[in-house]
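According to the working numbering, the sequence shown is numbered sequentially starting from 183. Built from N, CA and C at the ideal position, the CB exists for glycine as well. Because the structure is a prediction, the values reported are computed rather than measured. Here the structure is laid out as structure tokens; the discussion comes afterwards.
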Amino acid sequence: MSKEAHHLLGQEHPYTHHVFYMTFIAHFTLILLDVFFLHLSQHVTSAVPFLVAAGLWLIFFSLSLWLMHRAHLQLFRAKETTELITTDIYAYVRHPMYLSILLFYLSFTCLSLSLLSLATLGLSFWGFNKIVSFEEKE
């Protein structure tokens, strides 16, 4: 979204997109390294049936897409207002888009069963927390 189209939606952290890109790359790089080369989570993958992992992936992935969809619908309906959005999904979750990204990462962690990718979940949570702290000061 351009700055002109989203000037009424609040002040975005200047490095938000960088955090998104870095956490995405780090998360999936660690999953690929663990699954195909390091095999650090091999004991977990042998203990958890694939259908359980796939079921968890489906649940978290679907919830992630649903949250992102609801958040975008609400934001673009309210783009001409300067008031805080407190209806629809924003009545239950303060930052549904950030939560949906974390659930997206969690879904692929569940599918791959990579313990190493839990580190990037923590890093992502920390980064999003810094972004939210900045955005809520405005």
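- Residue state for Pro278 is assigned as helix, using DSSP reduced to three classes.
- Phe290 and Met279 have their C-alpha atoms roughly 17 Å apart.
- Under the three-state reduction of DSSP output, Tyr197 falls in the coil class, being neither helix nor strand.
- His225 carries a helical assignment under DSSP once its states are collapsed to helix, strand and coil.
- In summary, Phe218 is exposed, with fewer than 16 beta-carbon neighbours lying within 10 Å of its beta-carbon over all protein chains present.
- Sequence-distant partners of Leu214 (beyond 5 residues in either direction) whose C-beta falls short of 6 Å from its own C-beta are missing from its chain.
- Between Tyr287 and Leu297, the CB-CB gap reaches or exceeds 8 Å.
- In this structure, DSSP gives Ile267 a state outside helix and strand, which the three-state scheme calls coil.
- Between Thr205 and Leu295, the beta carbon gap of about 19 Å keeps them out of contact (Cβ cut-off 8 Å).
- Under the three-state reduction of DSSP, Ala260 is assigned to coil, being neither helix nor strand.
- Taken through DSSP and simplified to helix, strand or coil, Leu295 comes out as coil.
- In this structure, DSSP gives Val230 a state outside helix and strand, which the three-state scheme calls coil.
- With respect to Ala208, Leu284 sits apart: the two C-beta atoms are not nearer than 8 Å.
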